[in-house]
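The sequence shown begins at 350 in this note's numbering and counts up by one.
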Amino acid sequence: MYKRWKRWLKQIQEDITNLSVHRHIYNEVAKIIKENPRLQVASSFYDWMRIAYIYEMSIRVRRLVDRDRRSVSFVRLMEEIEQCPGVISRRRFVQLYSQVLRYVADRDFERFAKPGASHVNPAAIHRDKRALIKAAGRLRLFVNRHIAHRSRRPLRRLPTFAELDVCINLLEQLLKKYVLMLEATGLIEVLPVWQYDWKQVFRIPWIP
């Protein structure tokens with residue numbers, strides 16, 4: 350079970366990293382347009398870019414909160430840990446640290462366990478799960494009623510960019526917590542550092 354959780358976490362981390370990367374790219378491109386008056390014209394390209402971003406990001410969030418038992422999702426991972434908290438024991442966690450850092454291991458473990466407890470606190474896992482489900486709630490409904498299907502009961506008020514950002518921020522925060530919990534690794538930032546100038550393409554005329 351522990352190995353499966355770690356395997357799931359790798360997939361979840363990839364999904365959340367993609368959310369962070371694509372949000373950053375979208376925001377940076379929007380900034381380029383905002384700072385260049387010559388680009389501020391009506392364009393179907395901008396409409397397409399915005400719609401593609403909204404659809405892709407909403408679908409990715411929807412996948413991370415899927416509760417189908419056949420799916421790999423962040424919510425499913427939390428549900429399994431909540432049901433079997435003894436799998437992530439203090440002993441197992443502490444052994445992931447070198448002997449020199451064992452005192453740090455106990456302190457770190459108590460980020461997800463009560464002081465002196467032998468395993469993670471299922472109530473804390475439950476709170477994480479509920480917070481994520483709540484943050485993603487309207488995004489999930491948006492996908493179900495407007496993207497995957499054309500519902501006869503569409504949402505009266507569509508999710509906002511702010512709601513999407515709040516959800517992504519929470520996913521990043523929770524990812525850092527569960528990477529520490531399962532891998533004893535401190536994830537400082539979810540957004541990676543580019544090893545090349547991805548904006549170089551915008552410095553070249555597109556139409557010859």
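Think of the CB as a built atom: it goes at the ideal place given N, C-alpha and C, for glycine as much as any other residue.
Does DSSP classify residue i as helix, strand or coil?
i, result
"H495", "helix"
"T509", "coil"
"P503", "coil"
"M398", "helix"
"D455", "helix"
"P557", "coil"
"M530", "helix"
"C433", "coil"
"F461", "coil"
"R487", "helix"
"A379", "helix"
From the DSSP output, read off the bridge partner residues of residue i.
i, result
"H468", "S438"
If contacts are defined as beta-carbon pairs under 8 Å, then residue i and residue j qualify, I think. What distance do you get, rounded to the angstrom?
i, j, result
"I382", "Q389", "7 Å"
"L488", "S407", "5 Å"
"I365", "L490", "Actually they do not touch by this definition, with Cβ atoms about 21 Å apart."
Rounded to a whole number of angstroms, what is the C-alpha to C-alpha distance between residue i and residue j?
i, j, result
"S369", "E521", "8 Å"
"R387", "L358", "44 Å"
"E384", "D546", "19 Å"
"Y351", "H498", "36 Å"
"P503", "H495", "7 Å"
"L445", "R460", "16 Å"
"R353", "Y452", "28 Å"
Are the C-beta of residue i and some C-beta of chain B separated by less than 8 Å?
i, result
"E377", "Judged by its chain identifiers, the structure shown contains no chain B, having just a single protein chain."
Can you confirm whether the segment 467 to 476 touches the segment 532 to 547 when touching is taken to mean that 3 or more C-beta pairs between the two stretches lie within less than 8 Å? Not touching, per the Cβ criterion.
Segment contact flag, the segment 474 to 486 with the segment 414 to 427, C-beta cutoff 8 Å, min 3 pairs: Contact between the segment 474 to 486 and the segment 414 to 427 is present, with at least three C-beta pairs closer than 8 Å.
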